[in-house]
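A.B. asks: The sequence shown runs contiguously to residue 243 in the numbering used here.
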Amino acid sequence: MANYGMEIWRQDGSFFASPQYTPMVLVKVIDLTVTAQTGGITQSYATGIPSSQRAILFIKATSDNKVGALTSLEINNSEWVANVILDNSTPSGTYGFRLYVFGNYVPNPSGWGIAFYDASGKCIYTGTSLPLQIKRVDNINGLSGFSAAAYSGFSYAVNQPTSPGDPNIGVTIFYNWMGASDGIAPVVYFVAQYNGGAPDLPVSMTKSLYIETQFYDDNYQFSLQ
């Protein structure tokens, strides 16, 4: 906590922000479409967020024909680049996604209202900032009843025999976490055939991080203007 300036505390009495503590706030919302291709595809988007700042990314499917997609953040030309990755087994089609990128700075300080600056003079929080409110799902089947974006990652995998009477022939199906307008759930990301015995499967990841997106969808245009 700070030994100067102002501090913000939550209603439950826990500490939230001060000039010496930088909360993560929404800094970019990206809407994009990705068309599946033979061999897979990685579609990249230059965020404009300096690589000197920390960043974290969440993804939500926006089309009805949602599929599993992986995301990553990498540095290119001193800025963060967001990647959306579709596997080569993704069914043909064009898929819509919304990316929510959070960082530890304010991209466009308004010049009015309340604002926090750290000792170096960097604006880290304002009255219009949308702070990261991260949650965790503990159910392998996901959660429903709200709009969500997921922290991209593996969920679980299954081996499914496809030849009656021969358990050595089948497909392995990998699921990853995906957010959508109706919640967060595992979605098929990768399908691979096997012939000669089912492969060993990785350990299931029954927990995942996510955000409820209605708050950000309703307010991001005002916050980031």
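Glycine is no exception: its CB is placed at the ideal position from the N, C-alpha and C atoms.
#1: So, helix, strand or coil for Q61, using DSSP?
#2: A221 and V189 look like a contact to me (Cβ under 8 Å); what is the Cβ gap, rounded to whole Å?
#3: Tell me, which residues are paired with T51 by DSSP?
#4: If you check the beta carbons only, do Q61 and V102 fall under 7 Å apart?
#5: Give the straight-line distance between the Cα atoms of Y207 and G197, rounded to the nearest whole angstrom.
#6: For the alpha helix (DSSP H) containing Y234, list its first residue and its last residue.
#7: Assuming A100 contacts T65 under a Cβ cut-off of 8 Å, what Cβ separation, rounded to an integer in Å, is found between them?
#8: Exposed or buried, S204, counting other C-beta atoms within 10 Å across all chains shown (16 or more means buried)?
#9: Tell me which same chain residues have a C-beta within less than 7 Å of the C-beta of S128, skipping the five on either side of it?
#10: Would you kindly work out how many angstroms separate the C-alpha atoms of A216 and Y228, rounded to a whole number?
#11: Nearest chain D C-beta to T65 closer than 7 Å, yes or no?
#12: So, are the CB atoms of A73 and F115 less than 7 Å apart?
#13: On a CA-only basis, which of P125, D30 and P149 is nearest M42? Give me that one, please.
#14: Going straight from the alpha carbon of F192 to that of G131, what length do you get?
#15: If you compare alpha carbons, which of N157, D236 and D136 is closest to N122?
#16: Using 7 Å as the threshold, is the C-beta distance between T108 and T53 below it?
C.D. replies: For this structure:
#1: Within the sequence shown, numbered from 1, the residue matching residue 61 stands at position 43. For Q61, the three-state secondary structure derived from DSSP is strand.
#2: Within the sequence shown, residue 221 is the residue found at index 203, counting from 1. Within the sequence shown, residue 189 is the residue found at index 171, counting from 1. As written in the sequence, residue 221 is Val, which differs from the Ala given in the question. For a cut-off of 8 Å, the C-beta gap from V221 to V189 is around 20 Å, too long to register as a contact.
#3: Numbered from 1 along the sequence shown, position 33 holds the residue referred to as residue 51. According to DSSP, which records beta bridges pairwise, T51 is partnered with G114.
#4: To locate residue 61, count along the sequence shown from 1; it is residue 43. To locate residue 102, count along the sequence shown from 1; it is residue 84. Yes.
#5: Start at 1 with the first residue of the sequence shown, and residue 207 comes out as number 189. Start at 1 with the first residue of the sequence shown, and residue 197 comes out as number 179. Cα to Cα, the separation comes out at about 13 Å.
#6: Taking the sequence shown and counting its residues from 1, one reaches residue 234 at position 216. In this chain, the alpha helix (DSSP H) harbouring Y234 covers Q232 to S241.
#7: Locating residue 100 in the sequence shown gives position 82, counting from the first residue. Locating residue 65 in the sequence shown gives position 47, counting from the first residue. Indeed they touch by this definition, with Cβ atoms about 6 Å apart.
#8: Reading the sequence shown from its first residue, position 186 is the one you call residue 204. The amino acid occupying residue 204 in the given sequence is Pro; Ser does not appear at that position. By the neighbour-count criterion, in which 16 or more other beta carbons inside 10 Å mark a residue as buried, P204 falls on the buried side.
#9: For the purposes of this step, residue 128 is identified with residue 110 of the sequence shown, where counting begins at 1. Leaving aside the five residues that flank S128 on each side, the residues in its chain whose CB is nearer than 7 Å to its CB run, in chain order, T144 and T146.
#10: As a position in the sequence shown, residue 216 is number 198, starting the count at 1. As a position in the sequence shown, residue 228 is number 210, starting the count at 1. Going from the Cα of A216 to the Cα of Y228 covers about 32 Å.
#11: The structure shown has no chain D; it contains just one protein chain.
#12: Taking the first residue of the sequence shown as position 1, residue 73 is located at position 55. Taking the first residue of the sequence shown as position 1, residue 115 is located at position 97. No, they are not a contact pair.
#13: Position 24 of the sequence shown holds residue 42. Residue nearest to M42 within the set P125, D30 and P149 is P149 (criterion: CA-CA distance).
#14: Reading the sequence shown from its first residue, position 174 is the one you call residue 192. Reading the sequence shown from its first residue, position 113 is the one you call residue 131. Taking the straight line from one Cα to the other gives about 48 Å.
#15: For this step, residue 122 is matched to residue 104 along the sequence shown. Comparing alpha-carbon positions, the option among N157, D236 and D136 lying closest to N122 turns out to be D136.
#16: Locating residue 108 in the sequence shown gives position 90, where the first residue counts as 1. Locating residue 53 in the sequence shown gives position 35, where the first residue counts as 1. No, the pair does not count as a contact, with Cβ atoms beyond the cut-off.
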